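Protein chains: 2
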Amino acid sequence: MSEPRIVTAAVLIIGNEILSGRTRDVNLAYLAAGLTELGIRLREARVVADVEADIVRAVNECRARYDYVFTTGGIGPTHDDITAECVAKAFGLKLIRHPEAVARLERHYEPGMLNEARLRMANTPEGAILVDNPVSTAPGFQIGNVFVLAGVPSIMQAMFDGLKPRLAGGAPVLSRTVSAFVGEGTIAPGLGELQQRYPDLDIGSYPFFRGGKYGASFVLRGTETARIDGAATELRTLIVSLGADPIEGEPAGR
Amino acid sequence: MSEPRIVTAAVLIIGNEILSGRTRDVNLAYLAAGLTELGIRLREARVVADVEADIVRAVNECRARYDYVFTTGGIGPTHDDITAECVAKAFGLKLIRHPEAVARLERHYEPGMLNEARLRMANTPEGAILVDNPVSTAPGFQIGNVFVLAGVPSIMQAMFDGLKPRLAGGAPVLSRTVSAFVGEGTIAPGLGELQQRYPDLDIGSYPFFRGGKYGASFVLRGTETARIDGAATELRTLIVSLGADPIEGEPAGR
Chain A
2 MSEPRIVTAA
12 VLIIGNEILS
22 GRTRDVNLAY
32 LAAGLTELGI
42 RLREARVVAD
52 VEADIVRAVN
62 ECRARYDYVF
72 TTGGIGPTHD
82 DITAECVAKA
92 FGLKLIRHPE
102 AVARLERHYE
112 PGMLNEARLR
122 MANTPEGAIL
132 VDNPVSTAPG
142 FQIGNVFVLA
152 GVPSIMQAMF
162 DGLKPRLAGG
172 APVLSRTVSA
182 FVGEGTIAPG
192 LGELQQRYPD
202 LDIGSYPFFR
212 GGKYGASFVL
222 RGTETARIDG
232 AATELRTLIV
242 SLGADPIEGE
252 PAGR
Chain B
2 MSEPRIVTAA
12 VLIIGNEILS
22 GRTRDVNLAY
32 LAAGLTELGI
42 RLREARVVAD
52 VEADIVRAVN
62 ECRARYDYVF
72 TTGGIGPTHD
82 DITAECVAKA
92 FGLKLIRHPE
102 AVARLERHYE
112 PGMLNEARLR
122 MANTPEGAIL
132 VDNPVSTAPG
142 FQIGNVFVLA
152 GVPSIMQAMF
162 DGLKPRLAGG
172 APVLSRTVSA
182 FVGEGTIAPG
192 LGELQQRYPD
202 LDIGSYPFFR
212 GGKYGASFVL
222 RGTETARIDG
232 AATELRTLIV
242 SLGADPIEGE
252 PAGR
C-alpha cells in the first residue's frame with residue numbers, strides 16, 4: 002500500500018493592526034479548519050507587518066517550505082496595501098495591471114468612482130490567476146503556490162471557499178477527542194507510552210479547569226480510523242486505571 | 002536630540018492545536034497590547050507545530066532578528082510538551098533540571114504526586130532564569146533574549162505581567178484613531194499624500210461596514226504627540242473636503 006502524500010500549507014497574515022493588538026485575527030482559525038477538512042496540514046502561520054522586506058522574506062521562506070501559502074490582508078486601495086507588489090517582488094515577476102481584474106472593477110463601480118487608488122486593486126504579478134471576490138468584487142490572485150486573499154473576514158472566507166476546488170488535498174486528517182478529570186501529570190507517563198505505540202498518530206493533551214476541577218482533553222489525530230479507534234480504546238482503559246471516567250469529546254460546561 | 006531606540010519583539014505560538022483549528026489563540030492579542038504599552042514593537046508572530054525542527058528553526062530565526070522573543074505553549078508535563086528541549090537545542094545549551102524549579106514543584110505537589118513527568122516541567126537550558134507562575138507553580142524561563150511562557154492564557158498572562166519589569170522598552174508608541182463613513186478608495190489619494198508628509202508616522206486604514214454604510218478607521222501611530230495631532234488635524238480636513246464627518250475614535254455600533 003502506498004503512503005498517502007502529505008500536503009502542507011502555511012498562512013501569512015499581513016497587517017500592522019494584528020501586531021499592534023488593535024485587531025484580533027479571526028482568519029487563521031477559519032483557514033485552519035478549512036484546510037484540515039481538505040486534508041491539507043497547516044504547518045505554520047505567520048503574522049508580519051506592512052513592511053516590504055518582511056513580507057517578501059516571509060513569502061519566499063514559506064513558499065519554498067510548504068505546498069501552499071495563503072496570505073490575508075493588504076490588497077485594498079490605500080497606501081498601506083502592498084501585498085501584490087511584495088508577492089511580485091518575492092517571485093521576481095513584473096507587477097502588471099490585470100485586464101480581467103480591471104474589467105471586473107469597471108463593471109462594479111459607478112462612473113467616475115474608479116480612480117487610480119481603486120485601480121491599484123487590479124495589480125497582480127504577471128501570470129497570476131484571479132481569485133473571485135463575490136462580496137466586493139476586487140479579486141485576490143494565485144501565483145505559483147501562493148494564494149493572495151483579502152483581510153476582511155467575510156471577503157477572505159468567500160474567496161477561500163470559492164478556490165477550494167483548485168486545491169489538491171492529501172489523506173484527510175481524522176480526529177477524535179477523549180477527555181477526563183485527571184491531572185495531565187498523572188496521565189503523562191501512560192499517555193507518552195501510548196504515543197510511542199502509535200507513532201502514526203499525533204496525540205495531543207490540552208488541560209482545562211471546569212466546575213472547580215482540573216482535567217484534560219486528549220486529541221488523537223491520524224489518517225486511519227482503525228488506528229484511532231484502537232488508540233482511543235487503550236486511552237479509555239488508561240483513564241479508568243487512574244480512577245477517572247473517560248468522556249467522549251470535550252466536557253460540557255466551562 | 003537623539004533618536005529613541007526602537008525595541009522589537011516576536012511572538013512564537015507553539016502548538017498543533019492552533020494550527021488544526023481546535024483552539025483559537027488568544028495569547029497573541031494579549032502580548033501585542035502589553036508590548037505596545039511597554040514601547041516594544043511586535044514585528045512578527047509565528048505559530049508552529051509541536052515539531053522539534055520547526056521550533057528550533059523559528060527560535061533561531063526570531064532571536065537573531067528581534068530584541069525579544071516570547072514563546073507560548075509546550076511547557077506542560079506530557080510528551081507533546083517539547084519547548085524547553087527545543088529552546089536548549091536552538092541555543093546549543095545543555096538541558097538541565099533547574100534546582101529552584103524543582104524546589105518550587107516540591108513545595109506545590111502533595112507527597113507522591115511529583116512524578117518524573119511533572120519533574121520535566123523543571124527542565125530548562127543551562128543558565129536560564131526562571132519566570133514565576135503564580136497560578137500553577139511550574140515556571141517558565143528566560144534564556145538570552147527568549148522568554149518561554151505557558152500556553153494556558155491565564156497562566157501566560159500572569160507570567161508576562163510578572164516579567165514586565167525585566168523588559169526594557171523604547172519610546173512608547175502613541176496612537177490616535179479617526180473614522181469616517183467614506184470609501185477607502187475615495188480617501189486613498191489624500192491619505193497616501195498625508196503618509197508622505199508624515200513619514201515618521203505609521204498611518205493605517207481599516208475598512209468597516211456599519212448600519213448599512215461603508216467607512217474606514219484611520220489609525221495614526223508614532224512617538225511624538227505633536228506630530229500625531231498635526232496629522233489628525235489634516236486628516237479631519239481631508240475627510241470634510243470629501244463631504245463626510247470625522248468621528249473621533251471608532252464609530253459606535255456594528
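One line per chain: the protein sequences are A and B, in this order. Count along the first sequence starting at 1, add 1, and that's the number in our numbering. Count along the second sequence starting at 1, add 1, and that's the number in our numbering. Ideal Cβ placement from N, Cα and C applies to all residues, glycine included. All of these numbers come straight from a predicted model, not from anything done at the bench.
- By the CB criterion at 8 Å, Asp81 (chain A) and Ser176 (chain B) fall outside the cutoff.
- Cβ atoms of Ile188 (chain B) and Leu239 (chain B) come within 8 Å of each other, at about 7 Å.
- Scanning the region 128-173 of chain A from its first residue to its last, the whole alpha helix (DSSP H) runs of 4-plus residues come out as 154-164.
- Taking 8 Å as the cut-off, the beta carbon of Leu32 (chain A) is found no closer than this to the beta carbon of Val48 (chain A).
- If the five residues before and after Glu53 (chain B) are omitted, its C-beta is found closer than 8 Å to the C-beta atoms of Ile83, Glu86, Cys87 and Lys90, all from its own chain and listed in chain order.
- In chain order, Leu20, Arg47, Val48, Val49, Ala50, Asp55 and Ala59 make up the part of chain B whose C-beta sits under 9 Å from the C-beta of Glu45 (chain A).
- Look at Ser21 (chain A) here: in three-state DSSP terms it is coil, with no helix or strand label.
- Restricting attention to beta strand (DSSP E) runs no shorter than 3 residues, the region 166-251 of chain B encloses them at 175-181, 203-211 and 214-223, ordered along the chain.
- At a cut-off of 8 Å between beta-carbon atoms, Ala232 (chain A) makes no contact with chain B.
- With a contact defined as Cβ atoms closer than 8 Å, Thr9 (chain A) and Arg58 (chain A) miss out at about 19 Å.
- When the beta-carbon positions are compared, Gly216 (chain A) and Pro252 (chain A) come within less than 8 Å of each other.
- From the listed residues B:Ile144, B:Ala151 and B:Gln197, the smallest Cα separation to Val136 (chain B) is found for B:Ala151.
- Taking 7 Å as the upper bound on Cβ-Cβ separation, chain A lies near residues Glu185, Gly186, Ala189, Pro190, Leu192, Gly193 and Gln196 of the region 172-196 of chain B.
- Look at the beta carbons and you see the region 233-248 of chain B touching the region 182-199 of chain B: at least three pairs across the two are nearer than 8 Å.
- Nearest C-alpha to Thr178 (chain B) among B:Gly212, B:Met157, B:Pro154 and B:Ala232: B:Ala232.
- Here the alpha carbons of Gly163 (chain B) and Pro78 (chain B) stand approximately 22 Å from one another.
- Residues of the region 233-245 of chain B with a C-beta atom less than 8 Å from some C-beta of chain A do not occur.
- Taking 8 Å as the cut-off, the beta carbon of Leu120 (chain A) is found closer than this to the beta carbon of Arg98 (chain A).
- Residue state for Ile83 (chain A) is assigned as coil, using DSSP reduced to three classes.
- Residue-level contact by beta carbon holds for Ile204 (chain B) and chain A, with a gap shorter than 8 Å.
- Excluding sequence positions up to five before and after Phe182 (chain B), its CB lies within less than 6 Å of the CB of Lys214, Gly216 and Ala245, all in the same chain and listed in chain order.
- Going by DSSP, Leu106 (chain A) is part of no beta strand (DSSP E) but of the alpha helix (DSSP H) stretching over Pro100 to His109.
- Using a Cβ distance threshold of 8 Å, Leu29 (chain B) and Ile15 (chain B) do not count as a contacting pair.
- Separation of the CB atoms of Leu168 (chain A) and Leu39 (chain A) is rounded to 6 Å, and the pair is thereby assigned contact status at 8 Å.
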